[in-house]
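*Asks:* FYI, this note's numbering numbers position 469 of the sequence shown as 449, with every residue one higher than the one before it.
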Amino acid sequence: MSFLSRIMVLKSQAHFSSGVYNRFGGPSGSLPLEGSRKKKAGQAKSRVGLLILGFTALYGVIGGRLVEYGMKDPEVVSSILPPDRLMASRPDILDRNGEVLATDIRTVSLFAEPNKIVDADEAIEKLSTILPDLDVKGTYKKLSVKSSHFAWLRRQLTPKQQSQILALGIPGIGFRPEKRRFYPGGPTASHILGYVNIDNRGVAGMEKYIDDQGLADLASVGMTSDQPLEPVKLSIDLRVQNIVRDVVINAVTNYEAKGAGAVVLNIHTGEVLGMASAPDFDPNNPQEGAKEGWLNRMSNGTFEMGSTFKTFSTAMALDSGKVSINDSFDASRPIRIGGFTINDFHGKRRWLTVPEIFEYSSNIGTAKMIDIVGIELQKEYLTRFGLLTKMQTELPEVKMPSQPKVWKKINSVTISFGHGVSTTPLQTAVAGAALVNGGKLIEPTFLPRTREQADETAEVVVKKSTSDEIRYLFKLNGLKGSGRNADVPGFNVGGKTGTADKVVNGRYANDLNFNAFIAAFPIDNPQYVVLTFCDEPHNGEKGQTIASYTAAPMVRNIIRRAAPILGIEPQFGEDGSALLVSY
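So, in structure tokens, the structure goes:
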């Protein structure tokens, strides 16, 4: 019976005794009965007093212990508080089809109570047999502080390590449960997902984005729990992501390149279906890729994109109305300006039409078109295309493009064919999508987005007629120009290559290239843009190191494998040959 129940019973008994006498008692004023009643009342009061005294003592002890804990140093308190925070959940991250990209798993961490360690040397010697990379000096320092009641020794052990350490039977050693982030696909989508630190807090990628949306603030005030959270679904298709990364990794190996990257982008919604950058890392063990793998070259690396920029130069020339697609320009002689000579890689040494300038990738012809456009309008269009400003998207790792502080005529000319302005490959793909989707610039997203939602924020950057002409030029280049190596029978791939000399010690090096290819498919009714790049290749197809033999085949391999997954049906004629688009 509890203390409170006893009090109620005693009070009831005292009340009952008094009531019986009043109702059935003897003659009023009977002295013996009056004395007996007073005696019983006194006993009841004594018992209640004792109970109150007992309660006071009990709560006094509890209060004293709370004060004692409150006055201990944080290290001691941490041995009591961490479990709730260590077990706090992060939301699962899923691809667009519900496949798990990141999730929490339960694990344990090893701690010590130094005040209970009998022999620190012996404890460390035993632990080193299970944990050979244990920091001996650091651990000894922790265990030698006998006034300490808690110290972490190793976070996130494997079940095997836990069982082996338990078998050692070391006094003063224990385990605390916590959660660890697990990425089933390993490095498959590492630059998109990012990773978390030892305390399960987002450090990069979408993991950091999730924390920045409020999860980190809740964790800082202790309002997170171990209850499952609503999953976060991304726009990524894991099947496409696997293909994109596979092609990128193979490009680095096969072409002996410094790096490579690729993205598949829905041109009507801005959704990223797959994106990879190499070298990369495994988010389950991010430290191993710290030297090169952490850099997301697609969004956080800027490069001179070479002749892919001729797409934007041609678009602004046509859209401004100052140049017609039927116009011709003299490309028979090099341009000499500011002590520099502008020449063509494979010059035709004659007048070229606008489609021929695009097909033959003429620097001279492009420069003459931009000369008509003018520097100020060129800057305005490039800004409108989002190529001179920082790209807006969910990924935290986004780099600001670079451009000349002062635009002179020589800058305008070289920028027209992709030298002098450095942008990220992802924003180049976004700008390219705007030129084939009818003229709407849609910021990229790694979260699901409908076409209607995209249209609400889209900005019209060129006329639809300009977009139609760029699609025509893309297809022409895919059929007859430098984009032939990117074509996939039945899918009508169009696009533009870009081979830019790398800058080394302030000067362009003829033997080091940055190659890119921007493509759209199916070009008669584009749905997706694919951009690939290959940084400093040394052994492309047929031994060539230009974009036609490195970046273009990467596009071909991605579309060949990913198009059926994306629901794009190949178009073939009755004789089984691929149908070609006519304009």
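Quick reminder that beta carbons are idealized off the backbone N, C-alpha and C, glycines included.
Return the CA-CA distance between Val473 and Trp132, expressed in angstroms with no decimal places.
*Replies:* Cα to Cα, the separation comes out at about 57 Å.
*Asks:* Within 10 angstroms of its Cβ, does Gln358 collect 16 or more other Cβ (buried), or is it exposed?
*Replies:* Flag for Gln358 reads buried.
*Asks:* Could you please give me the residues that DSSP links to Met255 through a beta bridge?
*Replies:* According to DSSP, which records beta bridges pairwise, Met255 is partnered with Val243.
*Asks:* To which residues of the same chain is Val334 closer than 6 Å at the C-beta, ignoring the five residues directly before and after it?
*Replies:* Within the same chain, Val334 has close Cβ partners Ile305 and Asp307.
*Asks:* Leaving out five residues before and five after Asn95 in sequence, what residues of the same chain have Cβ atoms less than 8 Å from its Cβ?
*Replies:* Only Lys126, Ser127, Ser128, His129 and Gly152 meet the Cβ criterion.
*Asks:* Just verifying my parser: in three-state terms, what is the DSSP assignment at Gln136?
*Replies:* In this structure, Gln136 counts as strand in the three-state DSSP scheme.
*Asks:* From Gln221 to Thr119, what does the alpha carbon distance come to, in whole angstroms?
*Replies:* Distance between the alpha carbons of Gln221 and Thr119 is about 42 Å.
*Asks:* Hey, quick one: how far does the beta strand (DSSP E) through Gly461 stretch, first residue to last?
*Replies:* Note, Gly461: premise wrong, no beta strand (DSSP E); not H, not E.
*Asks:* Could you tell me which residues DSSP pairs with Arg27 in its beta bridges?
*Replies:* Paired residue(s): none; Arg27 is not in a bridge.
*Asks:* DSSP three-state call for Asp310: helix, strand or coil?
*Replies:* Note: Asp310 maps to strand in three-state DSSP.
*Asks:* For Pro167, which of Pro266, Asn537, Asn180 and Pro211 has the nearest alpha-carbon?
*Replies:* That would be Pro266, whose Cα lies nearest to the Cα of Pro167.
*Asks:* Beta-carbon separation of Val510 and Val228 under 8 Å?
*Replies:* Against a cut-off of 8 Å, the Cβ pair of Val228 and Val510 comes out as no contact.
*Asks:* Would you mind stating whether Thr477 and Thr282 have Cβ atoms separated by less than 8 Å?
*Replies:* The answer is no: Cβ separation not under 8 Å.
*Asks:* Going by C-alpha to C-alpha distance, which of Thr512, Glu423 and His399 sits closest to Asp481?
*Replies:* Selected option, being the one with the closest Cα: His399.
*Asks:* Here's a check: name, in chain order, each residue in its chain whose Cβ is nearer than 8 Å to the Cβ of Gly318, leaving out the five neighbours to either side.
*Replies:* Excluding residues within five positions, the ones whose Cβ falls inside 8 Å are Lys388, Lys389 and Ile390.
*Asks:* Please return the same chain residues whose Cβ sits closer than 7 Å to the Cβ of Pro71, not counting the five positions on each side in sequence.
*Replies:* Result list for Pro71: Ile190, Leu209, Glu210, Pro211 and Val212, in chain order.
*Asks:* Using only the alpha-carbon positions, how far apart do Asp217 and Glu79 sit?
*Replies:* Approximately 9 Å, taken between the alpha carbons.
*Asks:* Please state if the CB of Asn493 and the CB of Phe513 are separated by a distance shorter than 8 Å.
*Replies:* Result no, Cβ atoms of Phe513 and Asn493 do not sit closer than 8 Å.
*Asks:* Cβ atoms of Phe397 and Lys328: under 8 Å apart, would you say?
*Replies:* No. Outside cutoff.
*Asks:* Would you tell me roughly how many angstroms separate the C-alpha atoms of Leu146 and Gln193, rounded to the nearest one?
*Replies:* So the two alpha carbons sit approximately 40 Å from each other.
*Asks:* Take Val484 and list the residues in its own chain whose beta-carbon comes closer than 8 Å to its own, dropping the five residues that flank it on each side.
*Replies:* Hits under 8 Å: Leu492.
*Asks:* Inspect the beta-carbon positions of Glu449 and Leu253 and report whether they are closer than 8 Å.
*Replies:* No, they are not a contact pair.
*Asks:* Would you kindly work out how many angstroms separate the C-alpha atoms of Ser257 and Asp515, rounded to a whole number?
*Replies:* Roughly 11 Å separates the two Cα atoms.
*Asks:* Would you be able to state if there are at least three C-beta pairs under 8 Å between the stretch 224 to 239 and the stretch 529 to 543?
*Replies:* Touching, yes, given that three or more Cβ pairs across the two stretches are closer than 8 Å.
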